[in-house]
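First residue of the sequence shown: -15, per the numbering used here; consecutive thereafter.
Let me begin by presenting the structure, written as structure tokens, before commenting on it.
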Amino acid sequence: MSHATTKPLPCSAQRLAAIADEVPTPFYLYDEQGIRAAARALLAAFAWAPRYTQYFAVKATPTPRILQILREEGSGADCSSLPELRLAERTGFVGEQICFTSNNTPADEFAAAHALGAIINLDDVGHLAFVQRHVGLPDLVSFRYNPGQLATGNAIIGQPERSKFGVTKAQLFEGYRMAQAQGVRRFGLHAMLVSNEREIANLVATARLLFELAAEIAQRLKIQLEFINIGGGIGIPYHPDEPPVDLAALGDGIRRAYDETLGHLPPIALFTECGRAITGPHGYLVTRVRHVKATYRHYAGVDATMADLMRPALYDAYHHISVVGREQEAADRRYDVTGSLCENNDKFAVDRALPRLERGDLLVIHDAGAHGRAMGFNYNGKLRPAELLLRPNGDLTLIRRAETLADYFATLDVEADFARG
Ligand SMILES: *Cc1c(COP(=O)(O)O)cnc(C)c1O
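Shown next, in the form of structure tokens:
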């Protein structure tokens, strides 16, 4: 096990400092080359699988330019809401390049997904009749499976038995039977049981559970599934001394499970819907130290807040922090790195060893490319930051501007009856 204490920056420290001299901090910076390489690595790992498709989980990084890059890399789009469907549509994803894995879904969102020809994963057996009534009988029926006590889940996603997602095994069989009786001929199976999982054995176990289920469905219902979607959840090393997931070994492990359970049946397509593994390591939140403060401990106050990246506050997640240009210096002081929200959990790091910080120091918060800006909010009147793309040729492109005060007030632009009265 290595004990790395640093993480690489997306470009040289000088270049990063020059960018931050031009672009007001905080901002997100994405590394296009890294994102493309991650998409290709996943395709390579599953090249053995029948009609393998990776549907990028749009919620991870819902930025059209990023989605476009992934579309160029052969990815589909995994959506869970109407705005995400519209984002996918506007990016050029069509038909079954889109899958719609939602829960507690309103009729109009099913209608939009259906109109786009998207693959719809139903989160409840009752949704079959609901969709039929409001939208019409779908041509392809897929359910999200929840194995309950048959799987353990993991920390972020929780235990399946307590999870709001998916249907029980009995309901799954009942759902397929009902759809079959109504003349549906195309079927799929979906589950998402782990999140940020780096243990290959656990990821393979999820796939195996679904493959065994598919074999049972074939035997008991005479349904030959068209696809099995094993979900997302492939983890990334947030901490510098964690190793990355060996995707080739993961692909091999899942291939073995597939051959052992489904090798005797006609090929069933394999889908994944990863977000984090594709964009997570390749997005950086760049922020500057505003003030340092020493009371009962040392604080470094930066110009980003948990409204820009809430994973540390929400999950107690570790995000590595680099001090740009000072990687060689001893990390001989411990800081809480804080934002400026009126919330004490507004911290990017607690008791983190860093070089001595001063006002104006440039910090990079690593691994913020997935579930980062996307989870942002406007609490305390914080305006959401810009997103920039570092191109493979070194050029920089603005792919989303920062919010302005006018954006903040835009939703108040209503006929103000109360103001007149
Ligand atoms: C969030 C989510 C994903 C993506 O998860 P990652 O951890 O980013 O890979 C995929 N599918 C569903 C249904 C999700 O809710």
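Where a beta carbon is used, it is the ideal one built from N, C-alpha and C, also for glycine.
Bear in mind the structure is a predicted one, so any value in this text is a computation, not a measurement.
Cβ-heavy atom distance, residue i to ligand 1, below 7 angstroms
i	result
residue 88	no
residue 62	yes
residue 301	no
Endpoints, beta strand (DSSP E) assigned at residue i
i	result
residue 127	124 to 128
residue 275	267 to 278
residue 349	346 to 349
residue 39	37 to 41
residue 374	370 to 374
residue 212	211 to 213
Extent of the continuous alpha helix (DSSP H) run through residue i
i	result
residue 196	184 to 205
residue 383	Taken as a continuous stretch (DSSP letters only), residue 383 belongs to no alpha helix (DSSP H), being part of the beta strand (DSSP E) at 380 to 384.
residue 412	Any answer about residue 412 is impossible in this case: the structure gives the chain only from -15 up to 405.
residue 29	16 to 29
residue -2	-3 to 6
residue 174	Not the alpha helix (DSSP H): residue 174 falls in the beta strand (DSSP E), residues 170 to 174.
residue 256	Segment 253 to 256 is the beta strand (DSSP E) holding residue 256; no alpha helix (DSSP H) there.
residue 100	91 to 100
residue 262	260 to 263
residue 231	231 to 246
residue 393	389 to 394
Contact set for residue i: own chain, Cβ-Cβ below 6 angstroms, skip 5 residues either direction
i	result
residue -15	Reliability fails at residue -15, whose pLDDT of 44 lies under 50, so the model's placement of it is uncertain and the value that follows must be treated cautiously. Hits under 6 angstroms: none found.
residue 105	85, 126, 128, 174
residue 406	Lying before the first or after the last residue shown, residue 406 is absent from the chain, which here runs from -15 to 405.
residue 181	138, 187, 217, 219
residue 33	254
residue 35	253
residue 301	295
residue 155	109
Min CB distance residue i to chain C below 8 angstroms
i	result
residue 377	The structure shown contains no chain C; it is built from a single protein chain.
Cutoff 7 angstroms; reference residue i; Cβ partners in own chain excluding five residues on either side
i	result
residue 281	320
residue 130	144, 147, 149, 150, 151, 152
residue 405	Residue placement at residue 405 is poorly supported in this model, since its pLDDT is 48, which falls under 50; the coordinates are not used for a value here.
residue 97	69, 84, 104
residue -1	none
residue 1	308, 309, 346
residue 77	55, 60, 61
residue 385	370
Residues of its chain near residue i, where Cβ-Cβ distance is below 8 angstroms and the 5 sequence neighbours each way are ignored
i	result
residue 311	-10, -3
residue 372	3, 7, 11, 12, 13, 14, 380, 381, 382, 383
residue 166	116, 121
residue 24	57
Closer than 7 angstroms: residues whose CB approaches a heavy atom of ligand 1: Per the Cβ criterion, the list is 41, 43, 44, 62, 64, 85, 176, 179, 180, 215, 216, 217, 218, 257, 258, 259, 260, 261, 354, 355.
Ordered list of alpha helix (DSSP H) runs contained in the stretch 50 to 82, each at least 4 residues: 66 to 75
Complete alpha helix (DSSP H) runs within the stretch 280 to 361 (minimum length 4 residues, chain order): 295 to 299
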